[in-house]
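Trainee: Per the working numbering: the sequence shown ends with 1574, consecutive numbering throughout.
Beta carbons are placed, not taken as given, at the ideal position from N, Cα and C, and that holds for glycine.
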Amino acid sequence: MNLLGARSIDGPDGLCLYEAAPAARGKRRFNGEQRIREIPRMIPYPHIDPTLIRIGPIHVRWYGVMYVLGFLAAYVLIQRQTRSKSIGLQGNVAQDLVFYLAVGLVVGARLGYIVFYQFENLDHYLSRPLDIFATWLGGMSFHGGLLGCVIAGWLFCRRRRLPFWAVADSVTVTAPVGLGLGRLGNFINGELFGRPSDVPWAMIFPGGGPLARHPSQLYEAFFEGAVLFGILWGLRKRNFHDGFMVAAFLFLYGLFRFFLEFFREPDPHLGFVLGPLSMGQLLCVGMILAAVGLEAFLRRRAPTPKTPNAGQNVISSGSRGPIT
């Protein structure tokens, strides 16, 4: 018996599977109303140590390493795009941009978590403001981090006098890499796990009780990370107006995340905030609507191409040439 009472079973090809503990088998109430079916088998959670390196009082955690790798990937991929080269987003300029984005992401993600997910405890943070900066206690919101990056990027472009939407397009293409790595960090931490399930790949997470659950962090890493990156990296070669990649990212991420939230356990202190929808899903609806509105705004804003004279080729000032 291990994994909170789960019993090991010899599976095919020598694979070690686990049977749910007696308390987790059969029909059992969940959240007072929901019921789960019998959970015959599951794949064991790997139990990776969240701390990668310990040097005295200094602990380097996998989750933090994922953030660093995400920003490094963004720095490299931003400079590989022809769009970035055409606007001077190279070298020290690209380094400064990534620094701005890193600060905006961390500050925005933390403040977003407090505003979106801890609004019932605002009095606590107002009375103990230093807890706002206690990121090591957990609590980072993607949607808050997105807003923080937008503000930081706008400040950077204003200071450097660079075209905001062109810069935003270059950055947005690279964002899914960091998102996917972040979800892997969530999986290693055993946090943000899924809802109870009897699928063959369900796992018992250390903080999820005796019930086997969807490894929803891996679902999100795949769709919000690998799939979304593949789509955006392919679209970057098309001749779209500035800002299109931002709108595409907002729409696709919102769509993927909204669907995947049906497999993810809602935050315990919030639960379902509107019928069967979680707070994350409501924020994703806002992202999808914002994407549609942004694209409509950018289309109206883009200048209309002039009719070319005979024998002339005209390139619209609102469009870009081929982008690698």
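1) When the distance is taken between beta carbons, is Ala1498 closer than 8 Å to Thr1424?
2) Ignore the nearest five residues each way along the sequence and tell me which others in Gly1444's own chain have a CB closer than 7 Å to its CB.
3) Report the CB separation of Tyr1350 from Phe1406 in whole angstroms; it is logged as a contact under 8 Å.
4) For Ser1377, does the count of other Cβ atoms within 10 angstroms reach 16, so buried, or fall short, so exposed?
5) Between the region 1396-1403 and the region 1430-1449, do at least 3 Cβ pairs fall closer than 8 Å?
6) Assuming contact is defined by CB atoms lying nearer than 8 Å, are Glu1474 and Pro1526 in contact in what I supplied?
7) Just checking, does the region 1332-1352 make contact with the region 1407-1424 on the three C-beta pairs under 8 Å criterion?
8) Asp1419 and Val1496 - do their beta-carbons sit closer together than 8 Å?
9) Give the secondary structure of His1393 by DSSP, where H, G and I count as helix, E and B as strand, and everything else as coil.
10) Suppose you measure from the CA of Ile1382 to the CA of Tyr1375; what does that come to, to the nearest Å?
11) Is any heavy atom of the ligand HEM found at a distance shorter than 7 Å from the C-beta of Ala1416?
12) Which term fits Ala1541, buried or exposed, when burial requires 16 or more other beta carbons within 10 angstroms of its beta carbon?
13) Would you mind working out which of Trp1451, Leu1327, Tyr1295 and Leu1361 sits nearest Ser1345, comparing C-alpha positions?
14) Compare the beta carbon distance of Gly1320 and Gly1358 with 8 Å and say whether it is the shorter of the two.
15) As a quick exercise: from Arg1507, Val1310, Arg1486 and Met1390, pick the residue whose alpha carbon is nearest that of Arg1330.
16) Ala1452 to Asn1342, Cα distance in whole Å?
17) Quick one: what does DSSP say Arg1304 is sitting in, helix, strand or coil?
18) Cα separation between Asp1263 and Ala1476?
19) Look at the alpha carbon of Tyr1469 and the alpha carbon of Gln1531, and state the distance between them as a whole number of angstroms.
20) Count the other CB atoms within 10 Å of the CB of Phe1455; is the residue buried (16 or more) or exposed (fewer)?
21) List in chain order: all unbroken alpha helix (DSSP H) runs of 4+ residues lying wholly within the region 1449-1482.
22) Using DSSP with H/G/I as helix, E/B as strand and the rest coil, what is Pro1426?
23) Here's the rule I'm using: 16 or more other beta-carbon atoms within 10 Å means buried, otherwise exposed. How should Phe1547 be labelled?
24) Give the range of the alpha helix (DSSP H) segment to which Gln1340 is assigned.
25) With DSSP as the reference, label His1309 as helix, strand or coil.
26) Using CA atoms only, rank isn't needed, just tell me which of Gly1521, Arg1304, Pro1518 and Cys1534 is closest to Phe1509.
27) What is the C-beta distance between Leu1500 and Leu1544, in whole angstroms, given that I count them as a contact (C-beta under 8 Å)?
28) With DSSP collapsed to three states, give me the class of His1491.
29) Distance check for Gly1457 and Gly1440, CA to CA, integer angstroms please.
30) CA-CA distance, Asp1299 and Leu1524?
31) Express the C-alpha separation of Leu1347 and Leu1429 in angstroms, rounding to a whole number.
32) In angstroms with no decimal places, state the Cα-to-Cα distance between Trp1483 and Thr1422.
33) Helix, strand or coil: which one does DSSP assign to Arg1445?
34) For the alpha helix (DSSP H) that Arg1549 lies in, which residues bound it at each end?
35) Suppose you measure from the CA of Gly1459 to the CA of Ile1293; what does that come to, to the nearest Å?
Mentor: Judging by the given coordinates:
1) Indexing the sequence shown from 1 puts residue 1424 at position 174. Indexing the sequence shown from 1 puts residue 1498 at position 248. Result no, Cβ atoms of Thr1424 and Ala1498 do not sit closer than 8 Å.
2) The residue given as residue 1444 occupies position 194 in the sequence shown. Counting only Cβ-Cβ distances below 7 Å, and skipping sequence neighbours, we find Arg1463, His1464, Pro1465, Ser1466, Phe1513, Arg1514 and Glu1515.
3) As a working note, residue 1350 is residue 100 in the sequence shown. As a working note, residue 1406 is residue 156 in the sequence shown. 4 Å between Cβ atoms; contact.
4) Along the sequence shown, one-based indexing puts residue 1377 at 127. Burial call: exposed.
5) no
6) Numbered from 1 along the sequence shown, position 224 holds the residue referred to as residue 1474. Numbered from 1 along the sequence shown, position 276 holds the residue referred to as residue 1526. Not a contact, by the Cβ cut-off of 8 Å.
7) yes
8) Against the sequence shown, residue 1496 aligns to sequence position 246. Against the sequence shown, residue 1419 aligns to sequence position 169. Yes, these two residues count as a Cβ contact at 8 Å.
9) By 1-based counting over the sequence shown, the position of residue 1393 is 143. Three-state result, His1393: helix.
10) Against the sequence shown, residue 1382 aligns to sequence position 132. Against the sequence shown, residue 1375 aligns to sequence position 125. If I take the Cα positions, the gap works out to 6 Å.
11) Ligands in the displayed structure: none, and consequently the ligand HEM is not present.
12) Sequence index remark: in the sequence shown, residue 1541 carries index 291 (1-based). Buried is the call here.
13) For the purposes of this step, residue 1345 is taken as residue 95 along the sequence shown, with counting starting at 1. Reading off the sequence shown, one finds Gln at residue 1345, where the question assumed Ser. Looking at the Cα atoms, Leu1327 is the closest of the given residues.
14) Locating residue 1320 in the sequence shown gives position 70, counting from the first residue. Locating residue 1358 in the sequence shown gives position 108, counting from the first residue. No, these two residues do not count as a Cβ contact at 8 Å.
15) In the sequence shown, residue 1330 corresponds to position 80, counting from 1. Closest by alpha carbon: Arg1486.
16) Walking along the sequence shown from the start, residue 1452 turns up at place 202. Walking along the sequence shown from the start, residue 1342 turns up at place 92. Cα-Cα distance, rounded: 46 Å.
17) Here residue 1304 is taken as the residue at index 54 of the sequence shown, counted from 1. Strand.
18) As a first step, residue 1263 must be located in the sequence shown, where it is residue number 13. As a first step, residue 1476 must be located in the sequence shown, where it is residue number 226. At Asp1263 the pLDDT is 45, less than 50, meaning the model places this residue with poor confidence; the figure from the coordinates comes in the next sentence. If I take the Cα positions, the gap works out to 29 Å.
19) Position 219 of the sequence shown holds residue 1469. Position 281 of the sequence shown holds residue 1531. Roughly 16 Å between the two C-alpha positions.
20) Indexing the sequence shown from 1 puts residue 1455 at position 205. The residue is buried, with at least 16 neighbouring Cβ atoms inside 10 Å.
21) 1466-1470
22) Taking the first residue of the sequence shown as position 1, residue 1426 is located at position 176. Reduced to three states, the DSSP call for Pro1426 is helix.
23) To locate residue 1547, count along the sequence shown from 1; it is residue 297. The residue is exposed, with fewer than 16 neighbouring Cβ atoms inside 10 Å.
24) Here the question's residue 1340 lines up with position 90 in the sequence shown. From DSSP, Gln1340 is part of no alpha helix (DSSP H); its letter is neither H nor E.
25) Numbered from 1 along the sequence shown, position 59 holds the residue referred to as residue 1309. His1309 falls in the strand class under three-state DSSP.
26) By one-based count along the sequence shown, residue 1509 stands at place 259. Phe1509 has its Cα closest to that of Cys1534, out of Gly1521, Arg1304, Pro1518 and Cys1534.
27) Mapped onto the sequence shown, residue 1500 falls at position 250. Mapped onto the sequence shown, residue 1544 falls at position 294. Indeed, because the Cβ distance is near 7 Å, the residues count as touching under 8 Å.
28) Against the sequence shown, residue 1491 aligns to sequence position 241. In this structure, His1491 counts as strand in the three-state DSSP scheme.
29) As a first step, residue 1440 must be located in the sequence shown, where it is residue number 190. As a first step, residue 1457 must be located in the sequence shown, where it is residue number 207. Approximately 7 Å, taken between the alpha carbons.
30) Locating residue 1299 in the sequence shown gives position 49, counting from the first residue. Locating residue 1524 in the sequence shown gives position 274, counting from the first residue. Near 36 Å, if we compare the C-alpha coordinates of Leu1524 and Asp1299.
31) Here residue 1429 is taken as the residue at index 179 of the sequence shown, counted from 1. Here residue 1347 is taken as the residue at index 97 of the sequence shown, counted from 1. Taking the straight line from one Cα to the other gives about 18 Å.
32) Here residue 1483 refers to the residue found at position 233 of the sequence shown. Here residue 1422 refers to the residue found at position 172 of the sequence shown. Those two C-alpha atoms are separated by around 10 Å.
33) As a first step, residue 1445 must be located in the sequence shown, where it is residue number 195. Coil at Arg1445, not helix or strand.
34) Position 299 of the sequence shown, counted from the start, is the residue given in the question as residue 1549. Its alpha helix (DSSP H) spans residues Met1529 to Arg1551.
35) In the sequence shown, counting from the first residue as 1, residue 1459 sits at position 209. In the sequence shown, counting from the first residue as 1, residue 1293 sits at position 43. Roughly 15 Å between the two C-alpha positions.
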